[in-house]
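K.L.:
Protein chains: 2
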Amino acid sequence: MKYSNATNYALHTMVHLMRLPQTSTIGVQELAEMQKLSPTYLSKILTKLTKAGLIESMTGVKGGYKIARLKSRISFLDVINAIEGDTHLFDCSIHHGEGCLIENAMRQAEENMKVELDNTLISDIVAMAETAQHRKRI
Amino acid sequence: MKYSNATNYALHTMVHLMRLPQTSTIGVQELAEMQKLSPTYLSKILTKLTKAGLIESMTGVKGGYKIARLKSRISFLDVINAIEGDTHLFDCSIHHGEGCLIENAMRQAEENMKVELDNTLISDIVAMAETAQHRKRI
DNA sequence: TTAATTAGAGACAACAAGAGTCTTTGATAT
DNA sequence: ATATCAAAGACTCTTGTTGTCTCTAATTAA
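Listed in order, the protein sequences are those of chains A and B.
Number 58 in the working numbering belongs to position 58 of the first sequence; there are no gaps in the numbering.
The number in the working numbering is simply the position in the second sequence, starting from 1, with 1000 added.
(1) Would DSSP call Ser-1024(B) helix, strand or coil?
(2) Note down, in chain order, each residue of its chain lying with its Cβ closer than 8 Å to the Cβ of His-96(A), except the 5 sequence neighbours on either side.
(3) What does Ser-1004(B) reach in chain A if we use C-beta pairs closer than 9 Å?
(4) Short check: CB of Thr-1105(B) to CB of Asp-124(A), under 9 Å?
(5) Counting pairs of beta carbons, one from the segment 81 to 91 of chain A and one from the segment 1060 to 1072 of chain B, are three or more of them closer than 8 Å?
(6) For Met-1066(B), report the span of its beta strand (DSSP E) as first-last.
(7) On the DSSP bridge assignment, give the partners of Met-1058(B) in chain order.
(8) Would the segment 47 to 64 of chain A count as touching the segment 15 to 31 of chain A if we require 3 or more Cβ pairs under 8 Å?
(9) With a Cβ-Cβ cutoff of 9 Å, do Leu-1031(B) and Phe-1076(B) count as a contact?
(10) What number of angstroms, rounded off, separates the C-alpha of Arg-137(A) from the C-alpha of Thr-131(A)?
(11) Assign His-38(A) to one of two classes, buried (16 or more other C-beta atoms within 10 Å of its C-beta) or exposed (fewer than that).
(12) Within the 9 Å Cβ cut-off, does Ile-1102(B) reach chain A?
(13) How close, in whole Å, do the beta carbons of Glu-110(A) and Met-1001(B) come, if the pair is a contact with beta carbons under 8 Å?
(14) The alpha helix (DSSP H) with Met-14(A) in it runs from where to where?
(15) Let me know the secondary structure DSSP gives Ser-1038(B) once reduced to three states.
(16) Distance, Cα to Cα, Met-1018(B) vs Val-1126(B)?
(17) Per the DSSP calculation, Ser-1043(B) is bridged to which residue(s)?
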């Protein structure tokens, strides 16, 4: 069990976008180049992020993408849900006797896990990256 | 993203086995019947649980399966790892600039999630199931 | 208004993994 | 010996992921 590659690409893209000045946009070509991906494939991922309201898109010349929300408000879980949908970790389709009981226990564990992901902010990664880069300059 | 059906079957099987008296064994046929599965398919799952040391198998007449460890020592994560292997939720294959940093952040989130699953004991579910059954008898 | 540039949408193919079956082998109690 | 059980592995089928290609729609600049 692992998250899809698309989710990883999305997480990385969010980091790139966050490191951009708030006003400027960046195109798919450039973002795809950074991750060694085809622009068409990455655009599918970006569209999902756009529909989830995490980033904004501008078509036309000088168009591109930028972060939509307040940077400090975007968590891992936001990005994961945007790409994978609101899936259940445990999909208990087996109903026998006390089936619901088992399902409930699994759902509880799932909830606790999601809280962890919701507390992990993308902006923290960006901050760490920038600190590391700053150290390098010194 | 979700755990495989096999993991769900394994979790359910563990519950069934735990509700058995410590000394007695149960065969694949009966376990498969409980979950409406084919015995051959379930046996593949049971073999994984055996290799992981969570259950014990006895071949031959009067053979079958039973819990191997102390019941209170088996967590969700034990079962999940037995079936899915020790997989990583986030598989960061994209290396660019501060790639390692992003990967580390993801790994940290992953660790926190796994702690949750490791704290969720199968025996708790069994206890709840038995309490529910006891109430029904009254 | 036209041309260039950008995102969006959807069809499509290739590949990988999951789910499940079948058959054969090997161990054990009676 | 024989019936009964688990173990192992080859095999198929289905599903989902990954990725490409093409066409459309919107926006800016000239």
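Note that CB positions come from ideal geometry on N, CA and C, so glycine has one too.
As the structure is a prediction and not an experimental result, all values here were calculated from the model.
P.N.:
Here's the rundown:
(1) coil
(2) Low confidence applies to His-96(A): its pLDDT is 49, below 50, so where it sits in the model is not reliable, and the reading given next is rough at best. Within the same chain, His-96(A) has no close Cβ partners at all.
(3) Met-1
(4) Sequence inspection shows Ala at residue 1105(B); the Thr mentioned does not correspond to that position. Taking 9 Å as the Cβ cut-off, Ala-1105(B) and Asp-124(A) qualify as a contacting pair.
(5) no
(6) Checking the displayed sequence, the identity of residue 1066(B) turns out to be Lys instead of Met. 1064 to 1067 is the span of the beta strand (DSSP E), which, as asked, contains Lys-1066(B).
(7) Checking the DSSP bridge columns, you'll see Met-1058(B) partnered with Gly-1064(B).
(8) Cβ pair count under 8 Å is three or more, so yes.
(9) no
(10) Because Arg-137(A) sits at a pLDDT of 48, beneath the cut-off of 50, its placement in the model cannot be relied upon, and the following sentence gives the value as read from the coordinates. Near 10 Å, if we compare the C-alpha coordinates of Thr-131(A) and Arg-137(A).
(11) This sequence places Ser at residue 38(A); His is not what is there. It counts as exposed.
(12) yes
(13) That belief does not hold up - the Cβ atoms of Glu-110(A) and Met-1001(B) are roughly 11 Å apart, past 8 Å.
(14) 5 to 18
(15) coil
(16) 7 Å
(17) In the DSSP output, where bridge partners are listed per residue, Ser-1043(B) has none listed.
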